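>
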Amino acid sequence: MKRIAAAPALALTLSALSVLLMSPLPAQAAGGAAGGASGGYGTKTPYAPQQNARTYQRAPKGFVPVFTENVSRHGSRAATSGEDGELILQLWDKAESEGELTRAGAEFGPQARSLLAAMEKVGYGNLSGRGKREIQGTAARMAQRLPGLFARIAQDSEPIDVVSSGQGRAVDSGALFASALADADPALTPLIGPARTDPDLLYFHKSAGGAAYRDYIAHDQRLATTLKSVTEQPATHRAARDILKRIFTPAFVRRISAGEFASIGSEVDAAQAVYNLYSIAPAMTDEGSRHLERYLAPRDAAWFAYLSDAEDFYEKGPGFADSDITYKMADVLLDDFFKKAEAKRDGTGDLGAELRFTHAEEIIPLAALMRLPGSTEPVTTTQPYTYTDNPWRGGSVAPMAANIQWDVFRKGDTYLVRMLYNEKETAFKAGCAPVAKGSAFYDLAELERCFGRTTS
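Per the numbering used here, the very first residue in the sequence shown carries number 363; after that it's consecutive.
1. Count the other CB atoms, across all protein chains shown, that sit within 10 Å of the CB of P472; report buried if there are 16 or more and exposed otherwise.
2. State the CB to CB distance for the pair S535 and S434, rounded to an integer number of angstroms; the pair is presumed to be in contact (CB under 8 Å).
3. Straight-line CA distance for L695 to N765?
4. Using the beta-carbon count (16 or more within 10 Å), is T500 buried or exposed?
5. Output yes or no for whether 7 Å exceeds the beta carbon distance between D648 and G447.
6. By the 10 Å Cβ neighbour count, where 16 or more other Cβ atoms means buried, how is N414 classified, buried or exposed?
7. Where does S527 sit, in a helix, a strand or coil, going by DSSP?
8. Here's a check: name, in chain order, each residue in its chain whose Cβ is nearer than 7 Å to the Cβ of D560, leaving out the five neighbours to either side.
9. Tell whether a beta-carbon distance below 7 Å holds between A470 and I609.
10. Given 8 Å as the limit, is there contact between the segment 418-432 and the segment 621-636, that is, 3 or more CB pairs closer than that?
11. Given 8 Å as the limit, is there contact between the segment 683-703 and the segment 718-731, that is, 3 or more CB pairs closer than that?
12. Apart from the five residues just before and just after R656, which ones in its own chain have a Cβ nearer than 8 Å to its Cβ?
13. Going by beta carbon distance, what residues of the same chain come within less than 8 Å of K799, once the five residues before and after it are set aside?
14. When DSSP labels each residue in this structure, what does I605 get in the three-state scheme?
15. Assign T710 to buried or exposed, taking buried as 16 or more other Cβ atoms, counted over all protein chains shown, within 10 Å of its Cβ.
16. Is L453 closer than 7 Å to A632 when the C-beta atoms are compared?
17. If contact is defined by three or more beta carbon pairs under 8 Å, each pair taking one atom from either stretch, is the segment 799-816 in contact with the segment 764-782?
18. Under three-state DSSP, which class holds Y843?
19. Can you grab the Cα-Cα spacing for the pair Y316 / L553, in whole Å?
20. Hey, A532 and T720: beta-carbon distance below 7 Å or not?
21. With a CB to CB cut of under 8 Å and the five nearest residues on each side skipped, what residues in its chain are close to A795?
22. Rank A789, A763, S651 by C-alpha distance to the C-alpha of L538 and give the top, closest one.
23. Should the segment 512-520 be regarded as contacting the segment 540-550, the criterion being three or more beta carbon pairs within less than 8 Å?
24. Return the bridge partner residues of S722 from the DSSP annotation.
25. Can you tell me whether G650 is buried or exposed? The criterion is at least 16 other CB atoms within 10 Å of its CB, across all chains shown.
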């Protein structure tokens, strides 16, 4: 569970960074609506396909689908622990015993406990009912988009490979996806191979290939300085107090702010715990209705979403313009996309589909490596990440069940690739030329050139 450190403001050597970050975001910039992050849920944003299926381009004349591959984040899930609920409920219980709750705050405790009970029942970190439906829905729509491909896969008995990070929610997502494909076309059932795990491919931030990255997270002083400066803004403390005042009386909030309950947490710790419960609640709607949004004004929710997004941006996303440490390790996954497509073209592989299931820690760096929309703009220390001037939003880059899909089409010896990002036809990075202006289709050879996989 993310936890914003509450510490004294750091004396920065990067003075320009400090000046820029100590100014509150304009309301319109902090609002979070841009980039699909409305609601201020960050990477806990529930999934929704980003394009109407009726609006997809048709493949150029004569081309037929021969292969598909994807990588998907797991679906919506319960929080990974009850830490946030336990923290804020300690304060709530204290305030209740002293008559220091607001009228709305009196209802917060039961709602928070209801959410914790639901998550305990599902299992911390496990897929919720909504998460299961998200994954099943993406599978059903894949089958609907490519009926000819799956009919041919069944006719030619081509295997469908399912691989995951090995973590429970990713394993479960792969099983649900495969089952939904089989439901769409039962002839696929015997072709879906036994699920396998590959942490080096789909949990690379924790594998041997992520060693340099983990050292960066643990020891890079510029990163630590930047994140401290982002967090320790006056706006963070104002937003924290605004959130707490919806639950506790002003006098009790002053006691929290003064450090009377430091053994439990600071005002920022407490407000972030409320925000974290708020942001995970939409994932748990199948397990009950709760209204935690009443405890965060939209601006305050957006501010804490910004803090969460900033951490993800610097630790997993485009990061600093002079470094690729946050996303270089995703090359193993991009390389696998190319290898599978090339194997289909070269006749060295017999797969009909390659289905991968992973986590935000892999989707976010892959999006940065591929320069997908929203992940094209790294920052400098003098012009840091803010909602005002950077399009990166966790809710659009890597919502729950986020996915990247390549569909391969063939005509004779020519192979074209169409990319879908969260089910939206998406152009490859600048410098890659589609087969025609405005087309969603790219020659595989052109993509090899564009991504530096050929010497010519």
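Note that CB positions come from ideal geometry on N, CA and C, so glycine has one too. Quick caveat, the model's predicted, so the values are computed rather than measured.
For this structure:
1. exposed
2. 7 Å
3. 13 Å
4. buried
5. no
6. exposed
7. coil
8. V525
9. According to the sequence shown, residue 470 is Phe rather than Ala. Result yes, Cβ atoms of F470 and I609 sit closer than 7 Å.
10. no
11. yes
12. A466, R608
13. none
14. helix
15. exposed
16. yes
17. yes
18. A question about residue 843 goes unanswered here, because the residues of the chain that appear run from 363 up to 818.
19. For residue 316 there is no data in the structure shown, the boundaries of the chain being 363 and 818.
20. yes
21. Y804, E808, C812
22. A763
23. yes
24. Here the sequence assigns Ala to residue 722, which means Ser is not the residue at that position. Answer is none; A722 lacks a bridge partner.
25. exposed
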